[in-house]
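*Asks:*
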Amino acid sequence: SKITYVLPDGSESTIDVPTGQSIMDGSVRNNLPGIIAECGGSCSCATCHVILDEDSTGLFDEATDEERDLLEYLEGVQSHSRLSCQLIVNGQCDGVRVVVPDTNG
Ligand code: FES
2 SKITYVLPDG SESTIDVPTG QSIMDGSVRN NLPGIIAECG GSCSCATCHV ILDEDSTGLF
62 DEATDEERDL LEYLEGVQSH SRLSCQLIVN GQCDGVRVVV PDTNG
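The sequence shown maps to residues 2 to 106 in UniProt numbering.
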């Protein structure tokens, strides 16, 4: 699915992310700035914070307690904030946009 990343400098990059990979994977594999992913996707570092557009929130599994706990202490969190390693792309994700904040490290 084509995922558009709105990068910290305001520019946009659209990446084709295969089903089963995370939004974090798509960014890291294409060397996009802003998603650090220090822990490699095991939901423990919180350096992969993104903000989903409202229409897309229902396309992904709900945040686990573990993810919620991490988000709680993060700078710049908004109502549709997620950790992008927990956003697994599926066949309905074409056109999803995520805002990558400049606070991931
Ligand atoms: Fe570490 Fe997402 S990559 S929490």
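Cβ coordinates follow ideal geometry from the N, Cα and C atoms, glycine included. Since we're looking at a predicted model, the values are computed, not measured.
1. For the beta strand (DSSP E) holding E39, just list the boundary residues, first then last.
2. Do you know how far the Cα of E13 is from the Cα of A38?
3. CA-CA distance, L8 and V97?
4. With distance defined between alpha-carbon atoms, name the residue in L60, L84, D26 and C44 nearest to D95.
5. So what does DSSP say about T15, is it helix, strand or coil?
6. Determine the burial state of S85: buried for a count of at least 16 other Cβ atoms within 10 Å of its Cβ, exposed for fewer.
7. If you count every other CB in all the chains shown that lies within 10 Å of the CB of G21, and 16 or more means buried, which is it?
*Replies:* The relevant details are as follows:
1. In the sequence shown, the residue the question calls residue 39 occupies position 38. Neither: E39 is in no beta strand (DSSP E) and is coded neither H nor E.
2. One-based indexing of the sequence shown puts residue 38 at position 37. One-based indexing of the sequence shown puts residue 13 at position 12. Answer to the nearest angstrom: the Cα atoms are 19 Å apart.
3. Here residue 8 refers to the residue found at position 7 of the sequence shown. Here residue 97 refers to the residue found at position 96 of the sequence shown. Near 14 Å, if we compare the C-alpha coordinates of V97 and L8.
4. Your numbering for residue 95 matches position 94 in the sequence shown. The alpha carbon of D95 has as its nearest neighbour, out of L60, L84, D26 and C44, the alpha carbon of L60.
5. Locating residue 15 in the sequence shown gives position 14, where the first residue counts as 1. Of the three classes helix, strand and coil, the one that applies to T15 here is strand, per DSSP.
6. Translated into the one-based positions of the sequence shown, residue 85 becomes position 84. Label assigned to S85: buried.
7. One-based indexing of the sequence shown puts residue 21 at position 20. Exposed, since its Cβ has fewer than 16 Cβ neighbours within 10 Å.
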